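Notes follow the structure.
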Amino acid sequence: MNPPSKTEAEKTSSPLQGLAGQYGEAYNHLVQASHESCANGRKQLEEAYRELAKAVSGVQQDVNKRYAEAYQQYSKAVQSAATKEQPQQEAEQAYRNFADTARGLQEDGLRRTNEANSAFLGKAQESTTASQQQAKEHYQNYLRAIQQAWASLDVNSVA
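If you count by my numbering, then the sequence shown holds residues 3 to 161, one letter each, in order.
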């Protein structure tokens with residue numbers, strides 16, 4: 003008695019078809035993992051940017067407040083100088099003090115803004131490095147899955 007012959011459906015349902023399914027599964031996992039990694043990286047960058055914006059805003063507010071205080075002191079000193087023996091010299095000294103304070107505030111604001119920017123760039127670099135490492139790991143996992151799929155194939159069963 004002869005064994006029944008394979009139908010077309012049975013012929014196409016070969017071990018190679020199982021291999022294709024494993025490929026598809028490995029590829030879908032790669033895409034999903036890559037998407038999740040990108041979303042996490044984006045979230046990290048957005049958080050770092052929010053921290054930068056908050057820090058810069060805080061610096062600006064602090065500098066503006068201190069500038070207004072220095073200007074008020076200058077105005078009071080000029081008004082007070084009008085009643086002194088040498089009003090011109092008193093007013094000039096008050097202006098020099100105000101100008102020195104304003105210059106110091108500008109330098110301090112710039113330094114603090116640069117520090118905040120450096121912190122942001124450091125976090126952005128960390129995020130980029132982590133994303134690159136994750137992408138490499140995801141791709142290696144994909145290749146391992148493909149390698150395992152091929153390794154499990156019995157070449158004698160391929161018709």
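A virtual CB, placed ideally from N, CA and C, is assigned to each residue, including glycine.
Just so we're clear, the structure is a prediction, and the values are computed from it rather than from any experiment.
DSSP-derived helix/strand/coil call for residue 94
When secondary structure is reduced to three states using DSSP, residue 94 falls in the helix class.
Can you give me the Cβ contacts of residue 14 inside the same chain, cut-off strictly under 7 Å, excluding the 5 residues immediately before and after it?
With a pLDDT of only 48 at residue 14, under 50, the local geometry of the prediction cannot be trusted, and no value is derived from it.
Euclidean distance between Cα positions of residue 67 and residue 103
Rounded to the nearest whole angstrom, the C-alpha separation of residue 67 and residue 103 is 12 Å.
Give me the Cα-Cα distance between residue 65 and residue 33, rounded to the nearest whole angstrom.
Rounded to the nearest angstrom, the two C-alpha atoms are 48 Å apart.
Taking the alpha carbon of residue 127 as the reference point, which residue from 23, 26 and 47 has its own alpha carbon closest?
Out of 23, 26 and 47, 47 has the C-alpha closest to the C-alpha of residue 127.
Under the assumption that residue 72 contacts residue 83 (Cβ atoms under 8 Å), give the Cβ distance between them as a whole number of angstroms.
The Cβ separation is near 16 Å, so there is no contact.
Option in 130, 122, 137 and 157 with minimal Cα separation from residue 55:
Considering only alpha carbons, the answer is 122.
Do you know offhand how far residue 18's Cα is from residue 133's?
CA-CA distance, residue 18 to residue 133, rounds to 34 Å.
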